[in-house]
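Convert by adding 19 to the 1-based position in the sequence shown; the result is the number in this note's numbering. Before any comments, here is the structure.
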Amino acid sequence: MGQAKNRSRRRQEILQNETRCIYCLNEPATVEHMPPTSMFKARIRLSGLEFAACKECNEGTRAADAAAAFFARISPQQFAPQWEQDEGYSLIGTLAQLAPAAVREIFDPNKNERIWTKGRDPIVTPKRSLILDGPVTHSLMTAFSAKVGMALFREHVGQPLDQGGSVFTQYYFNAGLQRSVADATLNIMPIPGQLTQGTKSSGRQFNYRYNCDNRTIIFAFAAFHDNLFVRVCATNEPDTYRHVFEDEYNSSEIAVGGLKNLSEVWAENKRVAEPNISNK
């Protein structure tokens, strides 16, 4: 009984202290967890990074959360932990319900092949290479990356991005992040972050490095299960930094309120994917 009351007060406190959604200008009605609970082993998520969000942004981007949680469990190891494989398979079902076109892109037989490579293994072993360049996959991962940027801005600046603010996003899957890029990024982001609760921490399931002026901008580099990486710049002055991200790998700019446009990409593909059944 007491625990239920504590959870209720916590939710009420989050909503009462915010006048708007962290992702858009609408009134908040739900509590957003970023990263989502599905990102963590057995859905055991430590407290922290919880924000007020409107129902449309929160529920409308569930597919993006599911996609990110799935990709975070695709490991280049020959013998990945069994729990990681099991949860990955489970997330395929969730993603198939929320964004079936993404599943078709991921498992397109024309864009995956069996190769021999080391990956993170000490010897060369057979692995499956996936080319994840479809428009639905890109919109899902861009939405998730934008959510990460906006959430970390709210956490470390102390307020949501202003109207007119933007997030510049990049995402990398396990084989797509060059060591030189990672090292150069981490050199300018000296401050570590993760979820902590007592003696527990989110560790390799979620951690990030960042740099922030506490007023108008945050740069952050986040890792999920060592298999998915997100680099973001969230700023109230996008015109100043836009040139930095032009022509960058997987680079996108998402303005405050822009998640709705991204979600329409997989929603439209979902409608196309559904069979047209009529009564005769």
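Beta carbons: idealized from backbone N, C-alpha and C, even for Gly.
Residue from the options whose Cα sits closest to the Cα of residue i
i           : options           : result
residue 208 : 248, 50, 37, 239  : 239
residue 266 : 115, 189, 36      : 189
residue 243 : 57, 91, 52, 81    : 91
residue 127 : 106, 155, 100     : 155
residue 254 : 241, 264, 237, 40 : 237
Per-residue burial, residue i [other beta carbons within 10 Å of its own, 16 or more giving buried]
i           : result
residue 63  : exposed
residue 166 : buried
residue 288 : buried
residue 280 : exposed
residue 36  : exposed
residue 262 : exposed
residue 66  : exposed
residue 227 : buried
residue 234 : exposed
residue 57  : buried
Cβ shell of residue i (< 6 Å), same chain only, five flanking positions each side left out
i           : result
residue 150 : 130
residue 55  : 84
residue 193 : 95, 246
residue 249 : 164, 167, 190, 241
residue 220 : 213
Extent of the continuous beta strand (DSSP E) run through residue i
i           : result
residue 212 : 210-213
residue 191 : 185-192
Enclosing alpha helix (DSSP H) for residue i [first to last residue]
i           : result
residue 157 : 154-176
residue 267 : Unbroken run through residue 267: none, as it is neither H nor E.
Expected contact under 8 Å - CB spacing of residue i and residue j to nearest Å
i          : j           : result
residue 60 : residue 102 : 6 Å
residue 33 : residue 71  : 5 Å
Chain-order list of residues whose beta-carbon lies under 8 Å from that of residue i (same chain, five-residue window excluded)
i           : result
residue 275 : 42, 43, 44, 169, 179, 180, 181, 182, 183, 184, 185
Closer than 7 Å: residue i CB and nearest the ligand COA heavy atom
i           : result
residue 184 : Among the ligands in the structure shown, none appear at all, so the ligand COA cannot be discussed.
Same chain only: Cβ atoms within 7 Å of residue i, ignoring 5 sequence neighbours per side
i          : result
residue 80 : 162, 166, 278, 282
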